[in-house]
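Trainee: 0 is the number of the first residue of the sequence shown in numbering that gives the first Met the number 0; add one for each residue after it. Glycine included, every Cβ here is placed at the ideal spot set by N, Cα and C. Provided herewith is a single structure, encoded as structure tokens, for subsequent inquiry.
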Amino acid sequence: MSAPENVYDIIISGAGPAGSTCAIGLRNRGLKVALIDRAVFPRDKVCGDAIPGRAVKVLRQLGPEYEASFREYAPKLLTKSTRLFYNKRELAFDWKGEAYTCARMDFDYFLFEKAAATGIDVFTGEQVTQVSRQDDVFTLKTKTGKILRSKMLIGADGANGVTARQLAARVTDKTNHVGSVRAYYNNVTTLRPDTTEVYFLKNFLPSYMWVFPLPGNRANVGFGMLTAEISRRRLDLKKLFYEFIDQSPQLKARLNGAVQDGPLEGFGLPLGGRKVTISGEGFMLVGDAASIIDPMSGDGIGNAMVSGLLAATQAISCFERSDLSAGFMQGYDKALDQRLGSELRLHLRSRKLLAAFPGMLDVVFAAGSNATLRRLIQKAL
Ligand SMILES: Cc1cc2nc3c(=O)[nH]c(=O)nc-3n(C[C@H](O)[C@H](O)[C@H](O)COP(=O)(O)OP(=O)(O)OC[C@H]3O[C@@H](n4cnc5c(N)ncnc54)[C@H](O)[C@@H]3O)c2cc1C
0 MSAPENVYDI IISGAGPAGS TCAIGLRNRG LKVALIDRAV FPRDKVCGDA
50 IPGRAVKVLR QLGPEYEASF REYAPKLLTK STRLFYNKRE LAFDWKGEAY
100 TCARMDFDYF LFEKAAATGI DVFTGEQVTQ VSRQDDVFTL KTKTGKILRS
150 KMLIGADGAN GVTARQLAAR VTDKTNHVGS VRAYYNNVTT LRPDTTEVYF
200 LKNFLPSYMW VFPLPGNRAN VGFGMLTAEI SRRRLDLKKL FYEFIDQSPQ
250 LKARLNGAVQ DGPLEGFGLP LGGRKVTISG EGFMLVGDAA SIIDPMSGDG
300 IGNAMVSGLL AATQAISCFE RSDLSAGFMQ GYDKALDQRL GSELRLHLRS
350 RKLLAAFPGM LDVVFAAGSN ATLRRLIQKA L
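Structure follows, in structure tokens:
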């Protein structure tokens, strides 16, 4: 059957960091691309707002103009160190690499605008509700009744998107998924603007609370826990969030005089480190849809952008060779595994170890006060 007129070469479903990066990576290749998102940008995304150095590296790979443009982009802070608090002890580490904090409302809009400027067709306020494939053509139906068709589909619709569910029969693996909540606070006057903070409490291990600085004495404060644990113990994460603050004298002191701005909101983190389907005949999944969040740090933005760029590279090869077969698409799986696989697996093992032996944190804090061990930890950052 010949393809209908309105068929795109590629539809990217989801315009977060993964989808927008992928769209930018596909520019100037003569491909007919559509980017679709249920939200209208700028839009918020529940997150810690820590932009890892890896994200900046991907911007550099996309082109020096993207990196330069981000450096000039105002609403962000350069973060250089982390302070860890555990019971009454404290450890501070300076980082080797470059990282930022930037509210997702701003960061994602920055990327989305760059993607839209590549000349692709952009559809926002369009929630994809159904995905099907017939005669080598994908059909996407949206809530408003719009129908879009493409030869290739890139699923970038995040942790709860439809693409991973409908194309790869994905179900949430509660043992490798974190439930998380965060709120913004204003008037956080004693937080250093270049320092992120992480608070541990014995009763809450291996979970922790983060306090990340944002411009204007603002902070992103959040807390997460393994979803299997939340279900097993029937926990109310929102209640735990405030209990944690109440039980940590250092955190309470940090937020003294601060005012919560907006609601405490929750969202899930599909962690990486275990094998899931991320590609098939004519499709690839990127970002949270591919379940590649770092199991130790919870960082997912940099990994999402890495996967978006790798998917773009694979898609270009597919169209050059006219091969959209599941076998050829495996090139994406291999590239992603090569780039992130061993790191994600190692961090998953570390997370499991810390969950099984929470006393390890005492060792880390004791080691932190030893000058030689401290230098070793510092080197690893
Ligand atoms: C509480 C919390 C804190 C976090 N903190 C950090 C942090 O500090 N640093 C970090 O690096 N990572 C953090 N993460 C992880 C990070 O948020 C994700 O890894 C990252 O957003 C993944 O990007 P993405 O593009 O894959 O998905 P998303 O950013 O979720 O983007 C997906 C896009 O798809 C759209 N979409 C969804 N469904 C549909 C549909 N049906 N049709 C059309 N469009 C759709 C959405 O509107 C959205 O724009 C955190 C996550 C959570 C939940």
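Any heavy atom of ligand 1 closer than 6 Å to the CB of Phe266?
Mentor: Residue numbering aside, residue 266 sits at position 267 when the sequence shown is read from its first letter. Phe266 Cβ: within cutoff of ligand 1.
Trainee: According to DSSP, is Leu360 part of a helix, a strand, or is it coil?
Mentor: As a working note, residue 360 is residue 361 in the sequence shown. It is helical.
Trainee: Just to confirm the assignment, what range does the alpha helix (DSSP H) spanning Met304 have?
Mentor: Here residue 304 corresponds to residue number 305 of the sequence shown, with the count starting at 1. Taken as a continuous stretch (DSSP letters only), the alpha helix (DSSP H) holding Met304 covers Ile300 to Arg320.
Trainee: As a quick exercise: from Ile11, Lys31, Ser19 and Gly358, pick the residue whose alpha carbon is nearest that of Phe428.
Mentor: There is no way to answer for residue 428, as the model of the chain reaches only from 0 to 380.
Trainee: Please state whether DSSP places Lys79 in a helix, a strand or coil.
Mentor: Sequence index remark: in the sequence shown, residue 79 carries index 80 (1-based). DSSP places Lys79 in strand when its eight states are reduced to three.
Trainee: Answer with buried or exposed for Ser382, where buried requires no fewer than 16 other C-beta atoms within 10 angstroms of its C-beta.
Mentor: An answer regarding residue 382 cannot be provided, because it is not within the stretch 0 to 380 covered by the chain.
Trainee: With Met151 and Ala314 assumed to form a contact (beta carbons below 8 Å), what rounded beta-carbon distance in angstroms separates them?
Mentor: Taking the sequence shown and counting its residues from 1, one reaches residue 151 at position 152. Taking the sequence shown and counting its residues from 1, one reaches residue 314 at position 315. 6 Å between Cβ atoms; contact.
Trainee: Should Lys251 be labelled buried (16 or more other beta-carbon atoms within 10 Å of its own) or exposed?
Mentor: What you label residue 251 is simply residue 252 of the sequence shown in a count that begins at 1. Per the 10 Å Cβ criterion, exposed.
Trainee: What does the Cβ neighbour count give for Glu125, buried or exposed, with the cut at 16 atoms within 10 Å?
Mentor: Residue numbering aside, residue 125 sits at position 126 when the sequence shown is read from its first letter. It counts as buried.
Trainee: Whose CA, out of Ser80, Ala14, Asn27 and Ser12, lies closest to the CA of Phe211?
Mentor: Looking up residue 211 in the sequence shown gives position 212. It is Ser80 whose Cα lies nearest to the Cα of Phe211.
Trainee: How about Leu225 and Val177: are their beta carbons less than 7 Å apart?
Mentor: Working through the sequence shown from its first residue, we reach residue 225 at position 226. Working through the sequence shown from its first residue, we reach residue 177 at position 178. Closer than 7 Å, so yes.
Trainee: With hydrogens ignored, establish whether the beta-carbon of Gln259 is closer than 6 Å to any heavy atom of ligand 1.
Mentor: By 1-based counting over the sequence shown, the position of residue 259 is 260. No - ligand 1 has no heavy atom lying nearer than 6 Å to the Cβ of Gln259.
Trainee: By the DSSP assignment, the alpha helix (DSSP H) with Thr141 in it spans what residues?
Mentor: Here residue 141 is taken as the residue at index 142 of the sequence shown, counted from 1. Where Thr141 is concerned, there is no enclosing alpha helix (DSSP H), although the beta strand (DSSP E) it sits in stretches over Val136 to Thr141.
Trainee: Which of helix, strand or coil does DSSP assign to Leu345?
Mentor: Here residue 345 refers to the residue found at position 346 of the sequence shown. Of the three classes helix, strand and coil, the one that applies to Leu345 here is helix, per DSSP.
Trainee: Can you grab the Cα-Cα spacing for the pair Asp235 / Ile229, in whole Å?
Mentor: Walking along the sequence shown from the start, residue 235 turns up at place 236. Walking along the sequence shown from the start, residue 229 turns up at place 230. Answer to the nearest angstrom: the Cα atoms are 8 Å apart.
Trainee: When DSSP labels each residue in this structure, what does Ala163 get in the three-state scheme?
Mentor: Within the sequence shown, the letter at position 164 stands for residue 163. Three-state DSSP puts Ala163 in a helix.
Trainee: Would you give the residue range spanned by the beta strand (DSSP E) that Tyr184 belongs to?
Mentor: For the purposes of this step, residue 184 is taken as the residue at position 185 of the sequence shown. Note, Tyr184: beta strand (DSSP E), His176 to Asn185.
Trainee: Over what stretch of residues does the beta strand (DSSP E) that includes Tyr7 continue unbroken?
Mentor: In the sequence shown, counting from the first residue as 1, residue 7 sits at position 8. Val6 to Ser12 is the span of the beta strand (DSSP E), which, as asked, contains Tyr7.
Trainee: Do Pro294 and His346 count as a contact pair if the criterion is CB distance below 7 Å?
Mentor: By one-based count along the sequence shown, residue 346 stands at place 347. By one-based count along the sequence shown, residue 294 stands at place 295. Taking 7 Å as the Cβ cut-off, His346 and Pro294 qualify as a contacting pair.
Trainee: In whole angstroms, what separates the C-alpha of Thr20 from that of Ser247?
Mentor: For the purposes of this step, residue 20 is taken as the residue at position 21 of the sequence shown. For the purposes of this step, residue 247 is taken as the residue at position 248 of the sequence shown. Going by the C-alpha atoms only, they are around 39 Å apart.
Trainee: Where in the stretch 226 to 262 do unbroken runs of the alpha helix (DSSP H), each at least 4 residues long, occur, reported from the N-terminal end onward?
Mentor: DSSP runs (the alpha helix (DSSP H)) wholly in the stretch 226 to 262: 226 to 231, 236 to 246 and 248 to 253.
Trainee: Below 7 Å CB to CB, which residues in the same chain sit around Arg28 once its five sequence neighbours on both sides are set aside?
Mentor: As a working mapping, residue 28 is identified with position 29 in the sequence shown. Ile315.
Trainee: With Ala114 and Ala14 assumed to form a contact (beta carbons below 8 Å), what rounded beta-carbon distance in angstroms separates them?
Mentor: Position 115 of the sequence shown, counting from 1, holds the residue named residue 114. Position 15 of the sequence shown, counting from 1, holds the residue named residue 14. Yes, they are in contact, since the Cβ atoms of Ala114 and Ala14 sit about 7 Å apart, within 8 Å.
Trainee: Distance check for Gly299 and Gly271, CA to CA, integer angstroms please.
Mentor: The count along the sequence shown starts at 1 and reaches residue 271 at position 272. The count along the sequence shown starts at 1 and reaches residue 299 at position 300. Whole-angstrom Cα-Cα distance: 9 Å.
Trainee: Nearest to Gly279 by CA position, among Leu190, Glu319 and Ala167, is which residue?
Mentor: One-based indexing of the sequence shown puts residue 279 at position 280. Minimum Cα distance to Gly279 is reached at Ala167.
Trainee: Please classify Arg338: does DSSP put it in a helix, a strand, or coil?
Mentor: In the sequence shown, counting from the first residue as 1, residue 338 sits at position 339. Of the three classes helix, strand and coil, the one that applies to Arg338 here is helix, per DSSP.
Trainee: Do Tyr72 and Phe109 have their beta-carbon atoms positioned less than 7 Å apart in this structure?
Mentor: Within the sequence shown, the letter at position 110 stands for residue 109. Within the sequence shown, the letter at position 73 stands for residue 72. Closer than 7 Å, so yes.
Trainee: What do you reckon, is the C-beta of Gly13 under 6 Å from a heavy atom of ligand 1?
Mentor: To locate residue 13, count along the sequence shown from 1; it is residue 14. At least one heavy atom of ligand 1 is nearer than 6 Å to the Cβ of Gly13, so yes.
Trainee: Counting only the same chain and skipping the five closest in sequence on each side, list residues whose C-beta sits under 6 Å from that of Phe69.
Mentor: For the purposes of this step, residue 69 is identified with residue 70 of the sequence shown, where counting begins at 1. Excluding sequence neighbours, Phe69 sits near Leu58.
Trainee: Beta strand (DSSP E) containing Lys150: first to last residue?
Mentor: Here residue 150 refers to the residue found at position 151 of the sequence shown. Looking at the DSSP string, the run of the beta strand (DSSP E) that includes Lys150 is Ile146 to Gly154.
Trainee: Taking only heavy atoms of ligand 1 into account, decide whether any of them is closer than 6 Å to the Cβ of Val39.
Mentor: Along the sequence shown, one-based indexing puts residue 39 at 40. Not one heavy atom of ligand 1 is found less than 6 Å from the C-beta of Val39.
Trainee: Does Lys118 pass the burial test, meaning 16 or more other C-beta atoms within 10 Å, or should it be called exposed?
Mentor: Position 119 of the sequence shown, counted from the first residue, corresponds to residue 118. The question names Lys, yet the displayed sequence has Gly at residue 118. Classification of Gly118: exposed, given that the 10 Å Cβ count is below 16.
Trainee: Is Gln126 close to ligand 1? I mean its beta-carbon at under 6 Å from any heavy atom of the ligand.
Mentor: Against the sequence shown, residue 126 aligns to sequence position 127. Indeed, a heavy atom of ligand 1 lies less than 6 Å from the Cβ.
Trainee: Rounded to a whole number of angstroms, what is the C-alpha to C-alpha distance between Ala22 and Leu34?
Mentor: Along the sequence shown, read from residue 1 onward, the residue named residue 22 stands at position 23. Along the sequence shown, read from residue 1 onward, the residue named residue 34 stands at position 35. Looking at the backbone, the Cα of Ala22 and that of Leu34 are separated by about 7 Å.
Trainee: With the cut-off set at 7 Å, would you say Arg148 and Val6 are in Cβ contact?
Mentor: Along the sequence shown, one-based indexing puts residue 148 at 149. Along the sequence shown, one-based indexing puts residue 6 at 7. Yes; because the gap between Cβ atoms is below 7 Å, this pair is in contact.
Trainee: Between which residues of its own chain and Leu380 is the CB-CB distance below 7 Å, once the five residues before and five after are set aside?
Mentor: Taking the first residue of the sequence shown as 1, we reach residue 380 at position 381. For Leu380, the predicted structure reports a pLDDT of 49, less than 50, and the residue's modelled location is therefore unreliable. A value from the coordinates is still provided. So the qualifying residues of the chain are Phe92, Trp94 and Lys95.
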